[in-house]
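Each remark here refers to the structure printed beneath this line.
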Amino acid sequence: MQGHKGTCRAGLGEAATDGPVGGDSRAPGTPRVAHMDVWATQSLTKRFGSFTAVDDLTVSVGPGVTGVVGHNGAGKSTLIRMLLGLEPPTSGTATVFGIDAMENPLEARSRVGFMPEYDCFAPDVSAAQAIMHYGRLSGLPKDVSRERAADVLRHVGLDEARHRPVGSYSTGMKQRAKLAQALVHDPDLVLLDEPTNGLDPAGRDEMLSLVSRIGHEFGISVLVTSHLLGELERICDHVVVLDGGRLTTSASIHDLTQDTGALEVEVDGPPEAPDQLVEGLRALGLEAVRSTGAVLVGDSSPASRAAVVDLVTTHGWGLVRLDAARHQLTELFVGEEVR
């Protein structure tokens with residue numbers, strides 16, 4: 001890869017010809033690499049003059065979808081560039097699958113796909129041509145590269161538009177084309193730098209769905225950066241929170257969003273059904289309040305669950321959801337930029 005804007009490829013190297021679109025023999029969702037660190041840093045520091053972008057960062061992450069979250073300028077993009085071996089650290093190490101990214105950058109990058117935040121396609125070239133070219137740069141034979149380009153473009157929903165110049169694409173289509181090129185050589189890890197930037201809500205949902213499928217159905221590990229905690233909570237298994245280049249939290253989503261001790265109830269009924277459910281539960285001496293699209297019940301005991309079921313049955317409503325309410329990341333990291 002050229003270490004500058006204007007190219008998407010993460011580097012040269014032999015790549016497998018099978019990919020996330022039907023060539024893999026593992027069961028769906030099985031991680032490609034288990035029981036080891038997918039990426040890790042040890043005392044990683046990067047300074048630009050007097051500015052410290054990444055500050056003594058030590059973290060290790062296993063397979064799955066990992067979100068790296070922080071304000072703009074928190075060090076997320078600099079971390080990615082050091083994991084790719086494109087930015088030499090001031091001190092410390094960054095490894096991918098145990099490979100030192102600076103000592104053996106080509107070996108590390110041969111297993112990694114990279115989706116940059118910036119535009120990186122020539123506007124007058126079709127997505128099919130561009131991604132085939134990136135496949136060739138990654139070591140794929142010409143015919144295999146052509147097939148893989150078609151496969152990944154189909155996967156991201158650009159099959160019918162694959163022969164159009166990228167310059168004619170909408171922002172959402174360009175983002176999906178960048179995601180496709182990150183997958184063309186069938187990597188074990190993809191690094192996605194702010195993939196939802198510039199997208200409307202529908203485009204964000206579509207991109208997040210694609211990222212989730214890559215990690216959870218195809219078994220490709222994902223590092224995805226964002227400054228929006230809410231969207232990462234929807235798709236990630238693990239979250240790393242950076243503030244001013246320093247690590248503040250590294251934990252699984254499950255551990256961070258423990259049960260609150262309350263019940264969350266959603267019913268299928270008339271518009272007044274949630275209010276009627278709240279009134280009925282309060283009449284039984286239970287704490288209950290309306291929440292967005294649901295009802296929160298003060299405790300999740302068997303008696304409370306039975307009371308909810310009885311009331312829903314009595315009114316003839318459908319019971320859509322009866323689950324333990326969990327904390328949300330946005331409640332835990334109030335200082336982060338969230339929506």
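Quick note, the sequence shown lines up with residues 1 to 339 if you use UniProt numbering. Positions of the beta carbon are idealized from the N, C-alpha and C atoms, including for glycine.
With the rule of 3 Cβ pairs closer than 8 Å, the segment 249-266 counts as touching the segment 294-309. With fewer than three CB-CB distances shorter than 8 Å, the segment 162-174 does not count as touching the segment 221-230.
DSSP, read as helix, strand or coil, puts ASP55 in strand.
Here GLU287 is exposed. Its C-beta has fewer than 16 other C-beta atoms within 10 Å. Note on geometry: alpha-carbon atoms of ASP310 and ASP237 lie some 35 Å from one another.
Using a Cβ distance threshold of 9 Å, ILE220 and VAL190 count as a contacting pair. Within the same chain, LEU281, LEU284, LEU286 come within 7 Å of ALA307 by CB-CB distance, once the 5 residues on both sides are set aside.
Distance from the CA atom of ALA53 to the CA atom of MET132, rounded to whole angstroms, is 35 Å.
Pairing ASP56 with VAL211, the inter-Cα distance amounts to about 29 Å. Close CB contacts of TRP317 within its chain, under the 7 Å cut and outside five residues either way in sequence, are with VAL267, ASP268, GLY269, ALA273 (chain order). Linking GLY70 to HIS315 through their CA atoms gives a straight-line distance of about 46 Å. Secondary structure note for GLY62: it is in no beta strand (DSSP E), with a DSSP letter that is neither H nor E. Taking all protein chains in view, the Cβ of LYS142 is surrounded by fewer than 16 other Cβ atoms within 10 Å, so the residue is classified as exposed. About 7 Å separates the Cβ atoms of LEU256 and VAL239, confirming a contact at the 8 Å cut-off.
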